[in-house]
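One structure is given here, and the rest of the page talks about it.
Chains as they are written, first to last, in the working numbering: chain A, 235 to 453; chain B, 44 to 406; chain C, 554 to 972.
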């Protein structure tokens, strides 16, 4: 297989396979949760469960003061890499073109130097969270193979993307190929791991907020 | 013109001044990324160099490379240098035809065995030898035969360098590049469809000056000419960085000369000197005339998913895959979810009452 | 029948529902819940990280309710939960969790961890891994009617005492009363003043109320130990008594988990909505205050702070009412640094106080409350849960702090206007 064939396979059939696994997996996992259902709560509600649920979806984006003080690093680094990851994913022109091509929607891009800087900051934040995970006694205690795997598959697209952007390490086309491949790895791993939180956290927050909201508690 | 003339003598016979010659040497040095101090060295070497014998083989090609290398630059010093080589065999340019032409090739080979430079344009069919023959000799046989006595081979054009358009999927002739078939000779790839003429003279100048082939990248191209991407040297690069793109060929962005990335420009992955050396006596290059780079100096540029398709977009129909996947996922998810739910309900139904007497383990 | 691993796993499978599945799916092992849990912050031991306390249940979920988990299980690649593991988790699930719900407030992905611990206890109890102390309390609750073994004659004796002290009649078994008061055994035995306080307030507010001799116990060991059918049986006694007396409202005493049991879990345990309304005593007091039926003649002048019982505020929703009442009764009311729904647990809720094995641990983690109190330095600490009060007194004594612990209801009763 020539390089271009490999490249085209990576951005063609391989991307299709990855998309298939990703979409089927994510949809299955979401439905597996939702269809399981829960019993109707028979207690007399004090507040609106629905309003509480929706409220918590938003409010959980912001940490309470105590958590921010006690886990400052964890919260800040977590924010930085999440925001950085999303910014580089969603606001880099070539990525937007991919979305326009496959989803039919597009939006304005950020200037490439901004994306470049964001990627560097995100990479640093990701390294920092890894070091933190290894050093912090709670995180180290909780972490297993999956946690490190998920870190790796999140880190690789950023790193290879950064290399491809600067056309270093490999020739540009090969680097883009490796970059796309790393994204495909991310997509394939996604439905089987805690990466699912991207989608399920909305359900989790809703249920939490719903339980609390019925009782008149703001969470 | 006598074959024994040195290049310096040949040039002077043609009325090129010493000053003009030195200017060319300085330009060559700079183009080859050599320090300016090297210009006199190049001049001295070229002055004395004997005009090399060059055999030019054209296989599965369109003659575009010859057009580019000869005519477009004919009045320039580079063109004259080109004239000063002893071009002993070239279908398009030689006067001889038929047996006489082939005899010239054989004679040049015998006379300069081990020293001549072989230039190839066009790819070589490795399928049926009848796909392309010259004087009844298959391209493959002629290449092998001629390559055997060559000092070095210059693959001119993407076809000779990487297979080019004949090699494009599904490659009906089994087209192969020179380097696919010859491995025991130094090969310099000068890809492009066509390549920039000055590059080949630069390569020849280097060879004549140092007696070696220039430093090559991992695709066999002289680094001096192919060391930078079109994107890095593109005058429209600032628009890319600012996120200003032409969306169509006739929108405001196109009129304002914004970046052509979204129109499929392959500049970021294409290495060539177009953006600096330019074409047609330094007039412009494709992006300057408003067209995205096709990436013609890269292997298999024809198969990269479409000239007007942005590099980052998939070559397959991801949308349809995703739609099917949502359908399949929904069906599977509901089925699996229903199984979960049934299991959970069954558990509740089969629940064995726990009383206060059941709180401790039995023995 | 006796407890077994099979019954435990069966119970866990039964307990897992969409919220639980969404919670387990969402956990990213960030460890933020650890910093919200006083058992971690005061011991520094990572095994007390709230989400870790659910690990066996998480594996049951993964193996039974996810496609790849079931696939792995079919291939024999997953490790089934063992009886030993459940045994190992016993102290984590019972001794080091008060179901306080603080972790559920901070989890960035929104996991209600407490909700899951409550469910996990169903599996623990069914597999025979409930702590001895809780098993004993539960047996007493079912057989005698009170986890502390308090019988009707004991209540009657306390009522007579209260009646003698207040000069008021404590109505028992009055059919058609508007309100039926429930009590916790701890209130009956340790804080009978509470009965007197309620009697005085309700008398002044002209509220018709009663106590049932058949179901006066509000606490519910079945919930703490995690056996729904026992919990339901205990709730049903109250429902039957309320129906028999045809009351419109049932008053939950101050006790936090009693409120959780009767107000929020009750109807779900018995499987149908109540025909009466359940109010927490502070909720009722606040309603009376709003109606102008609760008037005070004086205020507490000392510096007071209010300790939120977790099940009353964070898990129960009675957050603003005690603050309005505090403002009414206290001239000098200061909040602790983290209060209301973010309050720190005293360390003895959720059955921990019934579990002697956890005594040292609950006193160790009391340091968190101690630090909170040191930040405010109140003259007295007001709370609204007899279980909290007992433990607060214990903790304060252990750490040599001289801060009296008051009941909000009793404090209000002391300042009632005479007319």
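Built from N, CA and C at the ideal position, the CB exists for glycine as well.
- For residue 855 of chain C, the secondary structure class from DSSP, reduced to helix, strand or coil, is strand.
- Residue range 933-936 is occupied by the beta strand (DSSP E) that includes residue 934 of chain C.
- Contact between residue 368 of chain B and residue 254 of chain A holds, with the beta-carbon distance rounding to 5 Å and staying under 8 Å.
- For residue 302 of chain B, DSSP records a beta bridge to B/288.
- Put simply, the CB of residue 441 of chain A is near chain C, with a gap under 8 Å to one of its CB atoms.
- When 7 Å is used as the limit between beta carbons, residue 576 of chain C is near these residues of chain A: 438, in chain order.
- For residue 794 of chain C, same chain residues with a beta-carbon under 6 Å away, outside a window of 5 residues either side, are 765, 767 and 768 in chain order.
- In the DSSP secondary-structure assignment, residue 103 of chain B is bridged to B/166.
- At a cut-off of 8 Å between beta-carbon atoms, residue 657 of chain C makes no contact with chain B.
- Listed along the chain, the chain A residues whose CB falls inside 7 Å of the CB of residue 589 of chain C are 301.
- At a cut-off of 8 Å between beta-carbon atoms, residue 783 of chain C makes contact with chain B.
- Against chain A, the CB of residue 103 of chain B has no partner CB under 8 Å away; the residue lies outside that interface.
- Counting C-beta pairs with one atom in each stretch, the stretch 303-312 of chain B and the stretch 279-291 of chain B have three or more that are closer than 8 Å, which means they touch.
- For a cut-off of 8 Å, the C-beta gap from residue 264 of chain B to residue 232 of chain B is around 5 Å, short enough to register as a contact.
- Interface flag for residue 242 of chain A against chain C is unset, since no Cβ pair is found closer than 8 Å.
- If you draw a straight line from the Cα of residue 678 of chain C to the Cα of residue 905 of chain C, it is about 15 Å long.
- At a cut-off of 8 Å between C-beta atoms, residue 271 of chain A counts as an interface residue with respect to chain C.
- Cβ-Cβ distances below 8 Å link residue 781 of chain C to 675, 775 and 822 in the same chain, with the five nearest sequence neighbours on each side left out; the list follows chain order.
- The stretch 396-404 of chain B and the stretch 680-696 of chain C touch, with three or more beta-carbon pairs separated by less than 8 Å.
- Annotated as distal: residue 252 of chain A and residue 409 of chain A, with beta-carbon spacing of 8 Å or more.
- Annotated three-state conformation of residue 862 of chain C is coil, per DSSP.
- A residue is called buried once 16 or more other Cβ atoms fall within 10 Å of its Cβ, and residue 588 of chain C is buried on that count.
- With respect to the C-alpha of residue 762 of chain C, the residue from C/785, C/799 and C/739 having the closest C-alpha is C/799.
- Look at residue 370 of chain A here: in three-state DSSP terms it is coil, with no helix or strand label.
- Residue range 830-833 is occupied by the beta strand (DSSP E) that includes residue 830 of chain C.
- Secondary structure note for residue 959 of chain C: its beta strand (DSSP E) is the uninterrupted segment 958-960.
- Sequence-distant Cβ neighbours of residue 383 of chain B in its own chain, meaning closer than 7 Å and more than five residues away, do not exist here.
- The C-alpha of residue 355 of chain B is placed about 15 Å away from the C-alpha of residue 339 of chain A.
- Cβ contact annotation for residue 703 of chain C (same chain, cutoff 8 Å, sequence separation greater than five): 697, 738, 741, 742 and 770, in chain order.
- Contact note: residue 361 of chain B reaches chain A through 249, 250, 253, 335 and 336, using a C-beta cutoff of 8 Å and chain order.
- Beta bridge pairing from DSSP links residue 265 of chain B with B/259.
- Taking a Cβ-Cβ threshold of 8 Å, the residues of chain B close to residue 407 of chain A are 312 and 341, in chain order.
- Counting only runs of 4+ residues, the alpha helix (DSSP H) found wholly inside the stretch 283-339 of chain A occupies 283-293, 299-304, 306-324 and 327-337, in chain order.
- Judged by DSSP in its simplified three-state form, residue 354 of chain B adopts coil rather than helix or strand.
- Residue 225 of chain B places its beta carbon 8 Å or farther from that of residue 183 of chain B.
- Contact of residue 692 of chain C with chain A by beta-carbon distance below 9 Å is absent, the smallest such distance being about 27 Å.
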